[in-house]
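Protein chains in written order, with the numbering used here: chain W, 1 to 170; chain E, 171 to 938. Even glycine gets a Cβ: it sits at the ideal position worked out from N, Cα and C. Worksheet: the structure to be examined is printed underneath.
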């Protein structure tokens, strides 16, 4: 029992200061006309750099000043591993369109074509859970004026996207 | 006379009509009543009633008091066994009007006891994914044996004092009640095991460097500290649960730190015996640094530090520090430390800007640490008061960012080969500015962090933004290739993601730090942004800066509450801000304001149907009216095409006569505009804000209009504004510079521009 509780050490003794609150934002917008899900994820550069380095890429620098090819494939791999969409338990692949640097954040663009996919659809977001125990990932679903949000934490990271999200008449 | 009376009657009739029509829209009688929920209602119900301790203007009152607690401490750091021993003599001065029968002492280290309740404060269950170290620490290892071991508590005569420990608080019972105005001296002897702060991400502890076998200690919350007793909380003995930081008394400290003889030490306070602890050469450099204003003097160089790492001294040395009027004491000690300092002139006084770091911090730390300290002292002093302490020290500690009086721990470590990315560099400069900045809030403007995280974090993060932007200007080479310093927090649009998020995971700023979901945006980002918006958009820089400085100076070396801040900002500026505090600090509402509809209207010679109807209701005809002007929108069924042509004066006989009479008096102030518009603005968001609008005209010109926030006070959902102009309006944009943190920009323009989303823009760019 006493051993179990130690898991919370990280959040307990966090130096309450500047950078110790880790949040990423993912917005998922359904575009009925194109039958597509537009996925935009924003993460902090320093966190992402830390993750990639921890995972064995010691020299990675996320900055536009260095060659991007290798970085791009690392980033794409990471997003494919940590943002997953499933239909009836089967992973469906999205197109990874690319990323941009913006001040201290990185924005990644992904798109999921829904013409051959029928909901129910689930989304899992485990970004940085392998690196920062206190990481929280916010997911916004958007359809026209409709909005719904989820907060992914390491103990709860899979969410069902409600079917009416895909209903164009709403 | 008669005409005037008639006019009055007519206008009151118009108003009556208006209010009737508003009422008609709700189901009048069946609607339930309500209390005052106007967004502009004053905060009298939320704020404590002013009294002689704290005035209605937000200043300390004539009976304001605070306790004074002085410490004399002998501390020994056992590097070999990672233990720390202390004996402290406490002098407690009861300045309160009350007699006290016991004192509460804070034992923050007890949060690391094996059986600390804080370990069980969460209830989120098993986690499907964990870092390897976390998994091993959690399930495979014995828990760390931390927490205070109290040897004894004695009074000045050596008689043991009865004491009772409740988690992180210890009650010391006094033999006789301590009378108002009296002093009580007592001593505590204690020890504890020092934790590895890197393993459990603590605020205090050591980092172990396996390559050379040495440790670097950053030690804080390490001695039993008196809790605050005051007029707002009584004893502030709210337990330490980990997130809500500290509430502490001012006092004078004399601390003798005994450490291995080859350690370099920095601490809160002025070093009393540099000759005893420094080598002849080091002492020479130390003296030289006191007047080095252009660049730091290296007291211990990287080469010297590397040499020290190679052996372990069995001898001890005692460093003595004295500090006046501080609320806490922290220190850093290691044989690995490189040490540099330079002098900064602030208000006629010299302050030492100091950096202390292991070689692992270089080359980043020798380049930027002291520069960031200097910039912080300058910018913050300019906006508050001249930094009153003799020094400010930035210590490098892995993963850390934590503040104490005159000293703080900061992260930012290059790769082993010395290379570092921009994010490591800016992360390091930002954290140094933030933590050094904490000297102002809460070390000197001593708010209660245990209750109100935002009072120091929010104010400090706001000031940090200003200091970072200054740093970018004074060190252009540091931000090469960038337009300005890349501040993470402060700009309004950066808080939009948080404020537009799921309401179940957002708490008002006025919440205890333990009870919020996202402490970062909650206590740091949102209040900092709110203050930035106050400064740039609501109050303007002059009024804001004066009020902010007034607050800082009123509460310098005192204990302010949120009400003292809210009241002072209004008191010193004559800007009613209750609506702002109420919305931004007491609710989770967000800003969303847009333009809904634009209607052009024209002067007409004949009244429209609705005017005739109105007159009929009052038993009047057109003939009973004084000279009036009728107007009509284009889609009115009585509208005639001719109203659109020529001057408006041509379509109203009354108007024409009036103009002709006045023109004969050569009234040059009369100009006849060609176009009249009624514009409807909507406010789907809960927050009220000033309405900032850019009008674009057909001739290519643009005009910025700022409507006061008070325009929302009678209708919280929409407002209609009339524009009379010679020019033709072709475009309207609300909040054009994105200065209000508007969460939805899709309703901000007229005509609605179907702007390509960022997503589509990116996709299009990738295709090309």
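First and last residue of the alpha helix (DSSP H) that includes residue i?
| i | result |
| --- | --- |
| residue 434 of chain E | Run containing residue 434 of chain E: none in the alpha helix (DSSP H); it sits in the beta strand (DSSP E), 434-437. |
| residue 738 of chain E | 732-741 |
| residue 538 of chain E | 534-553 |
| residue 445 of chain E | 444-447 |
| residue 509 of chain E | Unbroken run through residue 509 of chain E is the beta strand (DSSP E), 508-516; no alpha helix (DSSP H). |
| residue 81 of chain W | 69-82 |
| residue 626 of chain E | 623-644 |
Helix, strand or coil: which one does DSSP assign to residue i?
| i | result |
| --- | --- |
| residue 426 of chain E | strand |
| residue 12 of chain W | In this predicted model, residue 12 of chain W has a pLDDT of only 32, less than 50, meaning its place in the structure is not dependable; the value taken from the coordinates is given anyway. If DSSP states are grouped into helix, strand and coil, residue 12 of chain W belongs with the helices. |
| residue 251 of chain E | coil |
| residue 376 of chain E | strand |
| residue 821 of chain E | helix |
| residue 192 of chain E | In this predicted model, residue 192 of chain E has a pLDDT of only 42, less than 50, meaning its place in the structure is not dependable; the value taken from the coordinates is given anyway. DSSP places residue 192 of chain E in helix when its eight states are reduced to three. |
| residue 226 of chain E | coil |
| residue 160 of chain W | strand |
| residue 4 of chain W | With a pLDDT of 33 at residue 4 of chain W, under the threshold of 50, the modelled position of this residue cannot be trusted; read the value that follows with caution. Helix at residue 4 of chain W. |
| residue 32 of chain W | helix |
| residue 931 of chain E | helix |
| residue 682 of chain E | coil |
| residue 330 of chain E | strand |
| residue 829 of chain E | helix |
| residue 658 of chain E | coil |
Can you tell me where the beta strand (DSSP E) with residue i in it begins and where it stops?
| i | result |
| --- | --- |
| residue 346 of chain E | 339-348 |
| residue 716 of chain E | No beta strand (DSSP E) contains residue 716 of chain E, which is instead part of the alpha helix (DSSP H) from 711-724. |
| residue 52 of chain W | Here residue 52 of chain W belongs to no beta strand (DSSP E); instead the alpha helix (DSSP H) covers 45-54. |
| residue 113 of chain W | 105-113 |
| residue 270 of chain E | 270-276 |
| residue 235 of chain E | Segment: none, residue 235 of chain E is in no beta strand (DSSP E) and carries neither H nor E. |
| residue 370 of chain E | Element bounds for residue 370 of chain E: not the beta strand (DSSP E) but the alpha helix (DSSP H), 367-370. |
Mind pulling the chain W residues with CB within less than 9 Å of residue i?
| i | result |
| --- | --- |
| residue 936 of chain E | 97, 98 and 109 |
| residue 366 of chain E | Within 9 Å Cβ-Cβ: nothing; residue 366 of chain E doesn't reach chain W, min ~11 Å. |
| residue 800 of chain E | Going along chain W, no residue has its Cβ under 9 Å from residue 800 of chain E, so there is no contact; the nearest lies around 38 Å. |
Who are residue i's beta bridge partners in DSSP?
| i | result |
| --- | --- |
| residue 421 of chain E | E:496 |
| residue 901 of chain E | E:866 |
| residue 152 of chain W | W:137 |
| residue 876 of chain E | E:862 |
| residue 778 of chain E | According to DSSP, residue 778 of chain E bridges with nothing at all. |
| residue 258 of chain E | E:243 and E:358 |
| residue 704 of chain E | Note: residue 704 of chain E sits in no beta bridge, so no partner. |
Residue i versus chain E: which residues are under 9 Å apart at the beta carbon?
| i | result |
| --- | --- |
| residue 90 of chain W | In chain order: nothing, as chain E lies at least about 19 Å away. |
| residue 151 of chain W | 671, 672, 674, 675, 687 and 688 |
| residue 138 of chain W | 667, 668, 671, 672, 675 and 688 |
| residue 38 of chain W | 927, 929, 930 and 933 |
| residue 29 of chain W | 927 and 929 |
If the cut is a Cβ gap below 8 Å, which residues of chain E does residue i touch?
| i | result |
| --- | --- |
| residue 127 of chain W | Near residue 127 of chain W there are no residues of chain E at all, since even the closest Cβ is about 11 Å away, more than 8 Å. |
| residue 49 of chain W | 591, 593 and 594 |
| residue 62 of chain W | 591 and 593 |
Using a Cβ cut-off of 7 Å, pull out every chain W residue sitting near residue i, in sequence order please.
| i | result |
| --- | --- |
| residue 656 of chain E | 103 and 104 |
| residue 379 of chain E | Going along chain W, no residue has its Cβ under 7 Å from residue 379 of chain E, so there is no contact; the nearest lies around 18 Å. |
Can you name the residues of chain W whose CB is closer than 8 Å to the CB of residue i?
| i | result |
| --- | --- |
| residue 539 of chain E | In chain order: nothing, as chain W lies at least about 15 Å away. |
| residue 324 of chain E | Chain W residues near residue 324 of chain E: none, gap ~31 Å exceeds 8 Å. |
| residue 922 of chain E | Chain W residues near residue 922 of chain E: none, gap ~13 Å exceeds 8 Å. |
Listing by chain order, which chain E residues have their CB less than 7 Å from the CB of residue i?
| i | result |
| --- | --- |
| residue 45 of chain W | 593 |
| residue 25 of chain W | 667 |
Looking at residue i and the ligand PLP, is the gap between the Cβ and the nearest heavy atom below 8 Å?
| i | result |
| --- | --- |
| residue 907 of chain E | The model on display carries no ligand, and the ligand PLP is accordingly not part of it. |
Between the region 571-583 of chain E and the region 434-443 of chain E, do three or more beta carbon pairs fall short of 8 Å? Short answer: they touch.
Three-pair Cβ contact test at 8 Å for the region 108-120 of chain W versus the region 649-664 of chain E: No, they do not touch.
Pair every Cβ in the region 407-427 of chain E with every Cβ in the region 495-514 of chain E, then say whether three or more of these pairs are closer than 8 Å. These segments touch.
Pairing CB atoms from the region 120-130 of chain W with CB atoms from the region 79-98 of chain W, are three or more of them under 8 Å? Look at the beta carbons and you see the region 120-130 of chain W touching the region 79-98 of chain W: at least three pairs across the two are nearer than 8 Å.
Are three or more beta carbon pairs between the region 59-77 of chain W and the region 139-158 of chain W nearer than 8 Å? Segment contact: the region 59-77 of chain W against the region 139-158 of chain W, fewer than three CB-CB distances shorter than 8 Å; contact not assigned.
With a threshold of 8 Å, are at least 3 pairs of Cβ atoms found where one atom belongs to the region 780-791 of chain E and the other to the region 814-830 of chain E? With the cut-off at 8 Å, the region 780-791 of chain E and the region 814-830 of chain E do not touch.
Give a yes or no on contact between the region 889-904 of chain E and the region 861-869 of chain E, applying the rule of three or more CB pairs nearer than 8 Å. As far as the Cβ criterion goes, the region 889-904 of chain E touches the region 861-869 of chain E, which means the pair count is three or higher.
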